[in-house]
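Numbering (my numbering), first residue to last: 952 to 1123. By construction, the Cβ of each residue, glycine as well, lies at the ideal position given by its N, Cα and C atoms.
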């Protein structure tokens, strides 16, 4: 008996199947190896970049520290942090005294909210007559003590509004 491909009917089919499978394997192997190298490069490049950043930072860190120290030395002493415990005192002799018994509704003045009224009351300012006698120094002190926007008391004209409220109150 002679064994040839034509004599075995399934051999031709198996040979074709083998060649197709071998081709699929080679194509898969080729693309798979390319994908692995791309992944490998991506994962390996991250630590390299991190190491480069750390190297760059360690090189410029002394320069950064030097610049900060130079900047600190050029700041005038008057601009440095002020003592928070220092609180200017109000001059009640200039604008008068009042108590809760003579209290006016200070929220009727534009620019005074209930929150600001509460702060003014804590300072001992309860009436329109007190506010109407504020001097520039008193306004600056009150602005600092209630932590209000600088110049806002003048812009809202608390003194003028207080004087109007007093005259309106006297007319009644």
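Count the other CB atoms within 10 Å of the CB of residue i; is the residue buried (16 or more) or exposed (fewer)?
i	result
residue 1081	buried
residue 976	exposed
Using 7 Å as the threshold, is the C-beta distance between residue i and residue j below it?
i	j	result
residue 1070	residue 1097	yes
residue 1085	residue 1054	no
residue 1090	residue 1104	yes
residue 1064	residue 1083	no
For residue i and residue j, I'd like the C-alpha separation in whole angstroms.
i	j	result
residue 968	residue 978	15 Å
residue 1062	residue 1045	23 Å
residue 1058	residue 1040	23 Å
residue 1031	residue 1120	With a pLDDT of 47 at residue 1031, under the threshold of 50, the modelled position of this residue cannot be trusted, and the question is left open.
residue 1023	residue 1056	48 Å
residue 1050	residue 1074	11 Å
residue 1002	residue 1018	24 Å
Assuming residue i contacts residue j under a Cβ cut-off of 8 Å, what Cβ separation, rounded to an integer in Å, is found between them?
i	j	result
residue 1101	residue 1094	6 Å
residue 1005	residue 1042	Wrong, their Cβ atoms sit about 59 Å apart, outside the cutoff.
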